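Structure record follows, encoded as structure tokens.
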Amino acid sequence: MKEQIEQLKREKNAVILAHYYVPGDVQEIADYVGDSFYLAKIAKQSMADIIVFCGVSFMGESAKILSPDKKVLMPDMSADCPMAHMASTGKIDEIRRQYDDLAVVCYINSTAELKCRSDVCVTSSNAVKIVKALSNKNIFFIPDGNLGRHVAEQVPEKNFIFNDGCCPIHAGISAQQLQAEKGKHPDALVLSHPECEKGVLALSDYIGSTAGIIDFAKNSNSDEFIICTENGIAYRLKADNPDKHFYFPAPCPCCRDMKLNSLENVLTCLMNETNTVEISEDVRRKALIPLDRMLELAK
Ligand code: 13P
Ligand code: SF4
58 MKEQIEQLKR
68 EKNAVILAHY
78 YVPGDVQEIA
88 DYVGDSFYLA
98 KIAKQSMADI
108 IVFCGVSFMG
118 ESAKILSPDK
128 KVLMPDMSAD
138 CPMAHMASTG
148 KIDEIRRQYD
158 DLAVVCYINS
168 TAELKCRSDV
178 CVTSSNAVKI
188 VKALSNKNIF
198 FIPDGNLGRH
208 VAEQVPEKNF
218 IFNDGCCPIH
228 AGISAQQLQA
238 EKGKHPDALV
248 LSHPECEKGV
258 LALSDYIGST
268 AGIIDFAKNS
278 NSDEFIICTE
288 NGIAYRLKAD
298 NPDKHFYFPA
308 PCPCCRDMKL
318 NSLENVLTCL
328 MNETNTVEIS
338 EDVRRKALIP
348 LDRMLELAK
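Quick note on our numbering: the sequence shown kicks off at 58 and runs consecutively.
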């Protein structure tokens, strides 16, 4: 299957983009593996005719919004991020009526519809920088309440309004579960994704995006880490650091949507050019504004 995929990629001038949470064998055949921010930039810059996006739907949608002339394929169209739907346009309108000098800051883990109604997008790796760069005093942060509160702590000069969405996988990691893992590995450093709840972040030695966690583990002198994010990241952590040890709080955090990506469905969608991401031109143009603003402000 890997050879067939390689051959089709060459024949069709296709590239495979994969997030760190997809299964290891899919990361292995990808041309680019990264966090959401890196993958969005690659999607925009790529010279390929076809992008196969191994991730979840908001990632494929963002790639299509940024690169409308390319064919964007998703190995499994049902791979979706539940948090992407956890805000409403009605609530955005309500908050806009209540506050002057407001910026609606939309985590990239969101539907295209929500992006259309937002002022700027962010990812976990650039949210603090971008919020600081905005001139607005009031920030409505959607959809992730946990990431919003984490950003707010680092930008105390602004007034935040939070939304109550969350990632069920990260919010499912409790401080109690983390304490139990720390009890088993008292010397391990705790590296967490900011989608985790406050109690988990308070026990963490490092908080950052998936790429940030990978960099930290690589550059650290420590050789034991407890990782509070989705378990697909273990593939890269182990590949980069064969002598270091990585533990996850039990039960091991697993995003079933990310795991819908497989070699079989990468091959099928590339061979048949099926599962294309389609977005109406009206929605695409509106959703492009906050995405482009993110890319500009994050420079
Ligand atoms: P990153 O941007 O850190 O890769 O996170 C994406 C994601 O889906 C986290 O759950
Ligand atoms: Fe969405 Fe959470 Fe899965 Fe990331 S891990 S794609 S935020 S459900």
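All residues carry an ideal CB built from backbone N, CA and C; glycine is no exception. From a predicted model like this one, the values you see are computed outputs, not experimental measurements.
- Not one heavy atom of the ligand SF4 lies closer than 8 Å to the C-beta of Y263.
- Under the DSSP assignment, L159 falls in the beta strand (DSSP E) whose first and last residues are L159 to Y164.
- By the neighbour-count definition (other C-beta atoms within 10 Å, threshold 16), T331 is an exposed residue.
- Distance check between H227 and each of R342, M351 and I284 places I284 closest, using alpha-carbon atoms only.
- Counting only heavy atoms of the ligand 13P, the residues whose C-beta sits closer than 5 Å to one of them are, along the chain, D92, S93, T180, S181, S266 and T267.
- CA-CA distance, I149 to G240, rounds to 43 Å.
- Under DSSP, K128 shares a beta bridge with I107.
- The beta carbons of S103 and H76 sit no closer together than 9 Å.
- Cβ-Cβ separation between P200 and L171: approximately 7 Å, consistent with a contact (criterion under 8 Å).
- K301 is positioned such that its CB atom lies no closer than 9 Å to that of A344.
- Annotation for I226 indicates a beta carbon within 8 Å of some heavy atom of the ligand SF4.
- With 16 or more other Cβ atoms inside 10 Å of its own Cβ, P306 counts as buried.
- The DSSP assignment places 216 to 219 and 246 to 249 as complete runs of the beta strand (DSSP E) inside the region 207 to 271, in order along the chain (cut-off: 3 residues).
- Taken through DSSP and simplified to helix, strand or coil, F305 comes out as coil.
- 9 Å or more divides the Cβ of P80 from the Cβ of K295.
- The DSSP-derived three-state label of C138 is coil.
- In the structure shown, V334 falls within a coil segment according to DSSP collapsed to helix, strand and coil.
- Shortest gap from the CB of D157 to any heavy atom of the ligand SF4: 8 Å or more.
- Under the three-state reduction of DSSP output, L74 falls in the strand class.
- The ligand SF4 has a heavy atom closer than 8 Å to the beta-carbon of A141.
- By the neighbour-count criterion, in which 16 or more other beta carbons inside 10 Å mark a residue as buried, K66 falls on the buried side.
- Cα atoms of I108 and I264: separation of roughly 30 Å, rounded to the nearest angstrom.
- Proximity to C224 across L204, A190 and C309 peaks at L204, based on C-alpha coordinates.
- Assignment of D349 by DSSP, reduced to helix, strand and coil, places it in the helix class.
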